[in-house]
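One structure is given here, and the rest of the page talks about it.
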Amino acid sequence: MIAKKQTKLLIILDGWGHSDVVENNAIAQAKTPVWDQFNEDFPHSLISTSGKEVGLPGEQMGNSEVGHLNLGAGRVVKQDFTRIHNEIKNGDFLRNPILKNSLEYANDNNKAVHIMGLLSDGGVHSHEEQIHAMLEMTKKHECKEVYLHIFVDGRDCAQKSAKKYIQTLEDKISEIGIGEIASVIGRYFSMDRDNRWARVRCAYELIAKGKGKFLAQSAVDAIDMAYERGETDEFVQSTVIKAPTKIKKGDVLIFMNYRADRARQITQAFFDENFQGFSRGTFVPTQFVCLTEYKKDFNLPAAYPSTKLNNVLGKYLSNLGMTQLRIAETEKYAHVTFFLNGGVESPFYGEDRVLIPSPDVATYDLKPEMSAFELTDELVEHIESQKYDLIICNFANTDMVGHSGKLDAAIKAVEAV
Numbered sequence: 000m001i002a003k004k005q006t007k008l009l010i011i012l013d014g015w016g017h018s019d020v021v022e023n024n025a026i027a028q029a030k031t032p033v034w035d036q037f038n039e040d041f042p043h044s045l046i047s048t049s050g051k052e053v054g055l056p057g058e059q060m061g062n063s064e065v066g067h068l069n070l071g072a073g074r075v076v077k078q079d080f081t082r083i084h085n086e087i088k089n090g091d092f093l094r095n096p097i098l099k100n101s102l103e104y105a106n107d108n109n110k111a112v113h114i115m116g117l118l119s120d121g122g123v124h125s126h127e128e129q130i131h132a133m134l135e136m137t138k139k140h141e142c143k144e145v146y147l148h149i150f151v152d153g154r155d156c157a158q159k160s161a162k163k164y165i166q167t168l169e170d171k172i173s174e175i176g177i178g179e180i181a182s183v184i185g186r187y188f189s190m191d192r193d194n195r196w197a198r199v200r201c202a203y204e205l206i207a208k209g210k211g212k213f214l215a216q217s218a219v220d221a222i223d224m225a226y227e228r229g230e231t232d233e234f235v236q237s238t239v240i241k242a243p244t245k246i247k248k249g250d251v252l253i254f255m256n257y258r259a260d261r262a263r264q265i266t267q268a269f270f271d272e273n274f275q276g277f278s279r280g281t282f283v284p285t286q287f288v289c290l291t292e293y294k295k296d297f298n299l300p301a302a303y304p305s306t307k308l309n310n311v312l313g314k315y316l317s318n319l320g321m322t323q324l325r326i327a328e329t330e331k332y333a334h335v336t337f338f339l340n341g342g343v344e345s346p347f348y349g350e351d352r353v354l355i356p357s358p359d360v361a362t363y364d365l366k367p368e369m370s371a372f373e374l375t376d377e378l379v380e381h382i383e384s385q386k387y388d389l390i391i392c393n394f395a396n397t398d399m400v401g402h403s404g405k406l407d408a409a410i411k412a413v414e415a416v
């Protein structure tokens with residue numbers, strides 16, 4: 000007979016925050032009777048979730064990955080962004096051996112260098128300074144052909160801010176005299192993490208084959224055309240700049256995103272010979288380089304390999320012989336598993352996991368409740384089982400719907416939670 004446990008519960012309301020400002024504040028405007036009762040009946044406090052308090056530079060805003068890493072570690076974790084930012088400042092970035100070797104390979108074998116990544120100062124998945132620094136490194140190594148494949152943001156920054164980042168990049172290109180922007184696409188397509196392979200295919204065919212839905216004479220023109228179609232940055236459709244640029248066999252492809260979850264699918268499409276997400280036609284192998292380690296079993300060179308975090312919460316409980324459950328819907332499953340466990344992919348001994356599929360909709364403002372009700376039913380069942388010492392659950396709604404920038408939908412998301 001299995002002994003019944005006094006289950007403890009950690010519920011993470013992803014994207015939930017506090018502000019005294021009511022205007023455009025979905026949480027303040029929503030009906031939240033349970034939350035209000037908690038605040039009235041139980042002790043509570045506010046914590047800082049950005050900047051140095053969570054291992055980021057200065058006033059850099061926090062994000063879901065950073066939050067879960069710090070929660071799981073129980074201490075401030077120096078983030079990849081901080082690590083790379085510091086090396087750009089002190090010059091070590093330009094001496095990075097993995098990046099250096101890839102550029103030397105390109106020169107020695109007369110291959111082009113392709114740089115792809117999210118261009119903004121959002122600091123969640125990437126930062127424009129890293130793309131600029133990579134461009135400077137290609138100049139230092141006198142690379143002959145350098146192409147930039149730009150993912151535009153509109154999610155971790157203003158919805159229509161891409162042109163200022165593109166203009167800054169074009170100024171850098173003019174200043175140092177190397178590189179050209181070959182393609183532009185919104186992150187909705189290039190950075191999917193929910194196995195919506197049709198989106199990823201649009202990005203892959205643009206970058207690998209030079210096939211886009213639209214042709215523009217400049218990257219700024221590409222954004223103007225997208226705005227005329229009613230698209231914001233996140234949803235900019237695949238656009239070739241000037242003329243198609245194809246990746247050739249053996250070309251170097253450097254991915255400048257540092258956060259793993261939204262980098263994995265597009266990476267897999269480029270390197271995996273047994274890839275099943277969609278038909279690629281004739282597979283063209285590249286010398287693929289990751290800025291950080293996206294997944295250990297990818298076995299790809301990473302300029303900044305993962306650093307191991309010892310004695311994270313999950314491992315600590317496992318060592319004590321305690322049982323634990325991690326439960327979330329698809330969009331936040333990696334956060335309560337991989338990120339909360341300090342970047343460890345496999346579960347610890349005594350750790351079970353439950354994945355509730357996120358709804359199959361184009362954007363979550365179309366279904367603000369997402370899978371919260373199904374998640375709750377499953378959660379209650381596991382609480383009542385009294386099988387676990389600790390259950391950690393993430394509700395994704397306020398983060399994922401909040402990113403849409405649509406207040407009415409965000410209010411519904413808050414009320415669903």
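So in numbering that gives the first Met the number 0, the last spot in the sequence shown is 416, and the numbers never skip.
Every residue, glycine too, gets a C-beta built ideally from N, C-alpha and C.
Check this for me: beta carbons of residue i and residue j, under 8 Å apart or not?
i      : j      : result
Ala415 : Ala361 : no
Ile83  : Leu118 : no
Thr231 : Gln158 : yes
Ala242 : Phe254 : no
Cys392 : Ala327 : yes
Gly54  : Val75  : yes
Ile206 : Ile246 : yes
Ser237 : Phe188 : yes
Ala111 : Val199 : no
Asp359 : Glu233 : no
His140 : Leu102 : yes
Leu12  : Phe394 : yes
Lys422 : Gln385 : Since the first and last residues shown for the chain are 0 and 416, residue 422 lies out of range.
Ala29  : Ile410 : yes
Gly209 : Thr266 : no
Asn108 : Gly320 : no
Tell me, to the nearest whole angstrom, how far the beta carbon of residue i is from that of residue j; I am working on the premise that it is less than 8 Å.
i      : j      : result
Tyr146 : Glu179 : 6 Å
Val413 : Thr31  : 6 Å
Arg258 : Val123 : 7 Å
Tyr382 : Thr6   : First, the residue type needs correcting, since residue 382 is Ile and not Tyr in the sequence shown. Yes, Ile382 and Thr6 are in contact; Cβ-Cβ is about 6 Å, under 8 Å.
Gln264 : Arg192 : 6 Å
Ile97  : Val251 : Ile97 to Val251, Cβ: 11 Å. No contact.
Asp120 : Cys142 : No, Asp120 and Cys142 are not in contact; Cβ-Cβ is about 25 Å, not under 8 Å.
Gln323 : Leu389 : 5 Å
Val219 : Lys171 : Not quite, the Cβ-Cβ distance comes to about 14 Å (not below 8 Å), so this is no contact.
Pro56  : Phe80  : 7 Å
Asn439 : Ser125 : Nothing in the structure corresponds to residue 439, since the chain is present only between 0 and 416.
Assign residue i to one of two classes, buried (16 or more other C-beta atoms within 10 Å of its C-beta) or exposed (fewer than that).
i      : result
Asp271 : exposed
Ile130 : buried
Asp398 : buried
Glu52  : exposed
Ala215 : buried
Asp364 : buried
Asn194 : exposed
Val239 : buried
Gln59  : buried
Gln78  : buried
Asn396 : buried
Gly211 : buried
Gly401 : buried
Gly440 : Not covered by the structure: residue 440. The range shown for the chain is 0 to 416.
Glu64  : buried
Lys88  : exposed
Glu292 : buried
Arg228 : exposed
Leu45  : exposed
Ile10  : exposed
Ser182 : buried
Ser357 : buried
Asp376 : exposed
Glu22  : exposed
Phe338 : buried
Lys307 : exposed
Going by the DSSP bridge assignment, what does residue i pair with across the sheet?
i      : result
Asp351 : Leu324
Val360 : None, per the DSSP bridge assignment.
Val235 : Note: Val235 sits in no beta bridge, so no partner.
Asn393 : Ile11, Ala327
Cys142 : Its beta-bridge partners do not exist; DSSP assigns none.
Gly185 : Val151
Gly116 : Ile149
Cys289 : Phe254, Ala301
Phe213 : Thr238
Ile180 : Leu147
Give a yes or no on whether the minimum CB-CB distance between residue i and chain C is below 8 Å.
i      : result
Glu127 : Any reference to chain C falls outside this structure, which holds one protein chain only.
- Query: How do the region 273-290 and the region 312-330 stand: do at least 3 beta-carbon pairs fall below 8 Å, yes or no?
  - Reply: no
- Query: For the region 64-74 against the region 336-345, are there 3 or more C-beta pairs whose distance is under 8 Å?
  - Reply: yes
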